[in-house]
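Residue numbering for the sequence shown follows this note's numbering, starting at 123 and increasing by one per position. Even for Gly, the Cβ is constructed at its ideal location relative to N, Cα and C. All of these numbers come straight from a predicted model, not from anything done at the bench. This report refers to the structure that appears directly beneath it.
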Amino acid sequence: MSTSDKNPVILVCNDDGIFSPGIRALAQVADEFGDVEIIAPDRQQSAVGHAVTVNTPLRSRAFQIDGRFNGQAVTGTPADSVKLAHDQLMKRKPDLVVSGINHGSNAGINILYSGTVSAATEGTILGYPSIAVSCTDYDEDADLSGAKDAARKVIGYVLSEGLPKGVTMNLNVPAGPLKGIKWARQANSRYVEEFEGRVDPNNRSYYWMTGKLELLDEGDDLDVNVLEKGYASLTPIQYDMTAYNLLKKNKDIEL
123 MSTSDKNPVI LVCNDDGIFS PGIRALAQVA DEFGDVEIIA PDRQQSAVGH
173 AVTVNTPLRS RAFQIDGRFN GQAVTGTPAD SVKLAHDQLM KRKPDLVVSG
223 INHGSNAGIN ILYSGTVSAA TEGTILGYPS IAVSCTDYDE DADLSGAKDA
273 ARKVIGYVLS EGLPKGVTMN LNVPAGPLKG IKWARQANSR YVEEFEGRVD
323 PNNRSYYWMT GKLELLDEGD DLDVNVLEKG YASLTPIQYD MTAYNLLKKN
373 KDIEL
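Shown next as structure tokens:
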């Protein structure tokens with residue numbers, strides 16, 4: 123799409139790094155709707171959550187990506203990238219922030235750990251409609267066609283309808299062609315983790331984390347279950363962590 127002050131400005135970020143296949147795929151979709159700027163970490167930043175850099179300076183380097191997109195590689199986290207884009211790197215503020223396409227699911231408890239989701243929620247905190255997009259396949263050569271089609275539909279919806287204050291769209295899509303998109307709620311889940319002790323060639327101990335996702339919930343409307351049935355899951359999420367039921371129950375209790 124040609125650049126114009128009338129076109130929506132779309133900031134594209136991720137946590138897999140600015141040179142990942144997923145961010146290129148998402149930028150191609152976003153380009154159908156507006157003027158794209160890619161500002162993302164300069165390296166892999168998976169599972170960093172909403173971490174921000176406070177004790178070291180941030181730097182950015184300009185790139186041309188695929189010969190068509192302006193890009194900035196940031197020496198920080200996904201949340202850093204969005205913050206820096208908002209305050210310093212973008213001449214026009216974004217009308218939309220999209221993060222992804224992540225390689226790996228960000229459904230269930232993964233929402234809490236995900237740098238991809240955190241880039242989108244940082245956009246929401248800054249006041250921009252924001253979407254996180256993930257493909258359930260971890261392979262960098264995964265078929266992202268369905269994720270691109272789903273992202274296209276959700277971007278169109280959000281640009282047309284907007285989002286309530288404080289709400290981010292979290293989209294997860296199986297690899298391959300898109301079967302359909304279903305609204306879903308975040309599954310109550312956790313990881314059952316184990317740490318395998320090993321010894322390196324210098325006879326120093328280290329630990330390698332393994333584990334599996336444990337579902338603590340049930341229902342056809344869970345994001346994890348929607349994905350298991352081959353559909354994309356679309357979950358409106360928010361960063362307000364207040365336990366309102368307990369707050370209401372205890373409001374008259376003096377401590």
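Verify whether the separation of the beta carbon atoms of Asp217 and Tyr260 is less than 9 Å.
-> The residue labelled residue 217 in the question sits at position 95 within the sequence shown. The residue labelled residue 260 in the question sits at position 138 within the sequence shown. No, Cβ-Cβ distance for Asp217 and Tyr260 is not below 9 Å.
First and last residue of the uninterrupted beta strand (DSSP E) at Val196 = Here residue 196 refers to the residue found at position 74 of the sequence shown. Segment Phe191 to Val196, the beta strand (DSSP E) holding Val196.
By the 10 Å Cβ neighbour count, where 16 or more other Cβ atoms means buried, how is Ala162 classified, buried or exposed?
-> Here residue 162 refers to the residue found at position 40 when the sequence shown is read from its first residue. That one is buried.
Select from Gly268, Asn294 and Asn372 the residue whose C-alpha is nearest the C-alpha of Pro358.
-> Walking along the sequence shown from the start, residue 358 turns up at place 236. With distances taken between Cα atoms, Pro358 lies closest to Asn294.
Can you say whether Ser200 is buried or exposed, counting buried as having 16 or more other CB atoms within 10 angstroms of its CB?
-> The count along the sequence shown starts at 1 and reaches residue 200 at position 78. In the sequence under discussion, the amino acid at residue 200 is Pro, which differs from the Ser named in the question. With 16 or more Cβ atoms within 10 Å of its Cβ, Pro200 is classed as buried.
In chain order, which continuous runs of the beta strand (DSSP E) of length 3 or greater are located wholly inside the stretch 335-367?
-> 354-360
Check whether the stretch 229-238 touches the stretch 308-328, counting contact only when three or more Cβ pairs, one atom from each stretch, lie closer than 8 Å.
-> yes
Quick one: residues in its chain with C-beta nearer than 7 Å to the C-beta of Leu148, no 5 flanking neighbours on either side, listed in chain order?
-> Position 26 of the sequence shown, counted from the first residue, corresponds to residue 148. Closer than 7 Å at the Cβ level, and outside the excluded window around Leu148, lie Val134, Val220, Gly222, Ile223, Val255 and Ala273.
N-terminal and C-terminal residue of the alpha helix (DSSP H) that Ala147 is part of | Here residue 147 refers to the residue found at position 25 of the sequence shown. Pro143 to Ala152 is the span of the alpha helix (DSSP H), which, as asked, contains Ala147.
For Gln186, the nearest candidate out of Phe141, Tyr366 and Val276 (CA to CA) = Counted from its first residue, the sequence shown places residue 186 at position 64. Comparing Cα-Cα distances from Gln186 to each of Phe141, Tyr366 and Val276, the minimum goes to Phe141.
Spatial neighbours of Gly302 in its chain, beta-carbon cut-off 6 Å, leaving aside the 5 residues before and after | Here residue 302 is taken as the residue at index 180 of the sequence shown, counted from 1. Correct list, in chain order: Tyr353.
First and last residue of the beta strand (DSSP E) that includes Ile231?
-> Counted from its first residue, the sequence shown places residue 231 at position 109. It is not in any beta strand (DSSP E) - Ile231 carries neither H nor E in the DSSP assignment.
At which residues does the alpha helix (DSSP H) containing Val239 begin and terminate?
-> Start at 1 with the first residue of the sequence shown, and residue 239 comes out as number 117. Val239 -> alpha helix (DSSP H) spans Gly237 to Ile247.
Whole beta strand (DSSP E) elements within the stretch 292-329, 3-residue minimum | 303-305 and 311-321
For Leu344, which option in Lys334, Leu356 and Gly333 has the closest C-alpha, if you only look at C-alpha atoms?
-> As a first step, residue 344 is located in the sequence shown; it is residue number 222 there, counting from the start. Closest option to Leu344, Cα to Cα, is Leu356.
Mind the definition here: the stretch 163-177 touches the stretch 280-298 only if three or more C-beta pairs lie below 8 Å; say whether that holds.
-> no
Excluding sequence positions up to five away, which residues of its chain have a Cβ less than 6 Å from the Cβ of Ala297?
-> Taking the first residue of the sequence shown as 1, we reach residue 297 at position 175. Closer than 6 Å at Cβ, skipping near neighbours: Cys257, Asp259, Ala264 and Asp265.
What's the C-alpha gap between Asn292 and Glu336?
-> Within the sequence shown, numbered from 1, the residue matching residue 292 stands at position 170. Within the sequence shown, numbered from 1, the residue matching residue 336 stands at position 214. The alpha-carbon atoms of Asn292 and Glu336 are separated by roughly 20 Å.
Going straight from the alpha carbon of Gly245 to that of Val131, what length do you get?
-> Indexing the sequence shown from 1 puts residue 245 at position 123. Indexing the sequence shown from 1 puts residue 131 at position 9. So the alpha carbons of these two residues sit roughly 13 Å apart.
Euclidean distance between Cα positions of Ile145 and Lys304 | Start at 1 with the first residue of the sequence shown, and residue 145 comes out as number 23. Start at 1 with the first residue of the sequence shown, and residue 304 comes out as number 182. Roughly 23 Å separates the two Cα atoms.
May I ask you to report which of helix, strand or coil DSSP gives Gly268?
-> Translated into the one-based positions of the sequence shown, residue 268 becomes position 146. Looking at Gly268 - three-state DSSP - the assignment turns out to be helix.
Taking the C-alpha atoms as reference points, what is the distance between Val239 and Ile233?
-> Here residue 239 refers to the residue found at position 117 when the sequence shown is read from its first residue. Here residue 233 refers to the residue found at position 111 when the sequence shown is read from its first residue. Near 6 Å, if we compare the C-alpha coordinates of Ile233 and Val239.
Which first and last residues belong to the beta strand (DSSP E) in which Ser203 is found?
-> Residue mapping note: residue 203 aligns to position 81 of the sequence shown, counting from 1. Where Ser203 is concerned, there is no enclosing beta strand (DSSP E), although the alpha helix (DSSP H) it sits in stretches over Pro200 to Leu206.
Return the first residue and the last residue of the beta strand (DSSP E) that Ala162 is part of.
-> On the sequence shown, position 40 is the one that residue 162 refers to. Here the beta strand (DSSP E) through Ala162 covers Asp157 to Pro163.
Option in Val151, Leu368 and Gly237 with minimal Cα separation from Gly277 = Numbered from its first residue, the sequence shown carries residue 277 at position 155. Here residue 277 turns out to be Ile, not Gly, going by the sequence shown. When only C-alpha atoms are compared, the closest one is Val151.
Is Arg183 helix, strand or coil by DSSP?
-> Taking the sequence shown and counting its residues from 1, the one referred to as residue 183 is at position 61. If DSSP states are grouped into helix, strand and coil, Arg183 belongs with the strands.
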